[in-house]
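*Asks:* I have a structure here, written as structure tokens, and I will follow up with some questions on it.
Residue numbers (the working numbering): 1379 to 1601.
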């Protein structure tokens, strides 16, 4: 095991974590080698300290590695769809097996204003495999879902977040005001049944038909 180990599946989280937590050891999993090469050429990927890029499918990588992590971030969800096989109970069980004691998994899940059935389904499924699951409705079209191997007291969130790096501590009051736990789903998504495309299509079409706007609102902490 490596101290401060982080696994990231998709997204740009590696650069942020490396800046906020110097010395963190980060593995980034990317399926498409062309994407990795473009990131090296145009986004200075090789300048991210502590980052090792692994070319693989995220779920397949977890199924074959013995590595354990303090944090696993799943940000491979593409607007507006979630690959079903990284939103199921079986996948989340696999994730939990690769976390150290006290570890966590963070998911970036798209939503439609006024319809959070997809987020409820994903978070409820996650809650079947993790000791505690939190949801933070960060943006109109995006919610953050966090699964913890060790539960925390809701009253301690503010104190815990006060220990964040200065660049991130301004998020604390926003999280404290709206983050909430979710119970395990009685009908979780599984490898055999995960209708995430149906849930997404239904929500998006209803929103557009009602004249919904597709513009996003930034957090008040945005520069």
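Just so you know, even glycine gets a beta-carbon here, dropped at the ideal spot from N, CA and C.
For a quick check, are the C-beta atoms of residue 1526 and residue 1514 less than 8 Å apart?
*Replies:* Counting from one through the chain shown, the residue named residue 1526 turns up at place 148. Counting from one through the chain shown, the residue named residue 1514 turns up at place 136. Contact: no.
*Asks:* State yes or no: is the C-beta of residue 1545 within less than 8 Å of the C-beta of residue 1398?
*Replies:* For the purposes of this step, residue 1545 is identified with residue 167 of the chain shown, where counting begins at 1. For the purposes of this step, residue 1398 is identified with residue 20 of the chain shown, where counting begins at 1. Yes, these two residues count as a Cβ contact at 8 Å.
*Asks:* Looking only at its chain, what residues have a beta carbon closer than 6 Å to the beta carbon of residue 1532, apart from the 5 residues adjacent to it on each side?
*Replies:* Mapped onto the chain shown, residue 1532 falls at position 154. None.
*Asks:* Unbroken beta strand (DSSP E) runs of length 3 or more, entirely within the stretch 1446-1492: which are they?
*Replies:* 1447-1452 and 1477-1488
*Asks:* Using DSSP with H/G/I as helix, E/B as strand and the rest coil, what is residue 1521?
*Replies:* One-based indexing of the chain shown puts residue 1521 at position 143. It is a strand residue.
*Asks:* Where do the ends of the alpha helix (DSSP H) carrying residue 1549 lie?
*Replies:* Here residue 1549 refers to the residue found at position 171 of the chain shown. Residue 1549 -> no alpha helix (DSSP H), and no H or E assigned at all.
*Asks:* Strictly by DSSP, which residues pair up with residue 1559?
*Replies:* Looking up residue 1559 in the chain shown gives position 181. In the DSSP output, where bridge partners are listed per residue, residue 1559 has 1512.
*Asks:* Restricting to Cα atoms, I'd like to know which of 1538, 1461, 1448 and 1476 is closest to residue 1569.
*Replies:* Residue 1569 sits at position 191 when you count from the first residue of the chain shown. Cα-wise, what sits closest to residue 1569 is 1461.
*Asks:* How big is the Cα-Cα spacing for residue 1430 and residue 1505?
*Replies:* Your numbering for residue 1430 matches position 52 in the chain shown. Your numbering for residue 1505 matches position 127 in the chain shown. Whole-angstrom Cα-Cα distance: 30 Å.
*Asks:* Over the uninterrupted beta strand (DSSP E) stretch that includes residue 1405, give me the two end residues.
*Replies:* The sequence position of residue 1405 within the chain shown is 27, counting from 1. Segment 1403-1408, the beta strand (DSSP E) holding residue 1405.
*Asks:* Could you compute how far the alpha carbon of residue 1582 sits from the alpha carbon of residue 1565?
*Replies:* The residue given as residue 1582 occupies position 204 in the chain shown. The residue given as residue 1565 occupies position 187 in the chain shown. Rounded to whole angstroms, residue 1582 to residue 1565 spans 22 Å at the Cα level.
*Asks:* Check the DSSP bridge columns for residue 1413 and list the partner residues they point to.
*Replies:* Here the question's residue 1413 lines up with position 35 in the chain shown. For residue 1413, which the question treats as bridged, DSSP gives no partner whatsoever.
*Asks:* Can you tell me whether residue 1482 is buried or exposed, with buried defined as 16 or more other CB within 10 angstroms of its CB?
*Replies:* Looking up residue 1482 in the chain shown gives position 104. By the 10 Å Cβ count, residue 1482 comes out buried.
*Asks:* Could you have a look at residue 1429 and say whether DSSP puts it in helix, strand or coil?
*Replies:* One-based indexing of the chain shown puts residue 1429 at position 51. Here residue 1429 sits in strand by DSSP.
*Asks:* Look up residue 1386 in the DSSP assignment and say whether it is helix, strand or coil.
*Replies:* Against the chain shown, residue 1386 aligns to sequence position 8. Residue 1386 falls in the strand class under three-state DSSP.
*Asks:* Return the CA-CA distance between residue 1463 and residue 1517, expressed in angstroms with no decimal places.
*Replies:* Looking up residue 1463 in the chain shown gives position 85. Looking up residue 1517 in the chain shown gives position 139. Using only the alpha carbons, I get a separation of about 25 Å.
*Asks:* Helix, strand or coil for residue 1542, going by three-state DSSP, please let me know.
*Replies:* Within the chain shown, numbered from 1, the residue matching residue 1542 stands at position 164. Of the three classes helix, strand and coil, the one that applies to residue 1542 here is coil, per DSSP.
*Asks:* Could you compute how far the alpha carbon of residue 1393 sits from the alpha carbon of residue 1561?
*Replies:* Taking the first residue of the chain shown as 1, we reach residue 1393 at position 15. Taking the first residue of the chain shown as 1, we reach residue 1561 at position 183. One C-alpha to the other measures close to 32 Å.
*Asks:* Do the stretch 1575-1590 and the stretch 1493-1501 meet, that is, are 3 or more Cβ pairs less than 8 Å apart?
*Replies:* yes
*Asks:* Do the stretch 1400-1408 and the stretch 1417-1436 make contact, defined as three or more Cβ pairs closer than 8 Å?
*Replies:* The stretch 1400-1408 is in contact with the stretch 1417-1436.
*Asks:* For residue 1590, does the three-state DSSP call read helix, strand or coil?
*Replies:* In the chain shown, the residue the question calls residue 1590 occupies position 212. In this structure, residue 1590 counts as coil in the three-state DSSP scheme.
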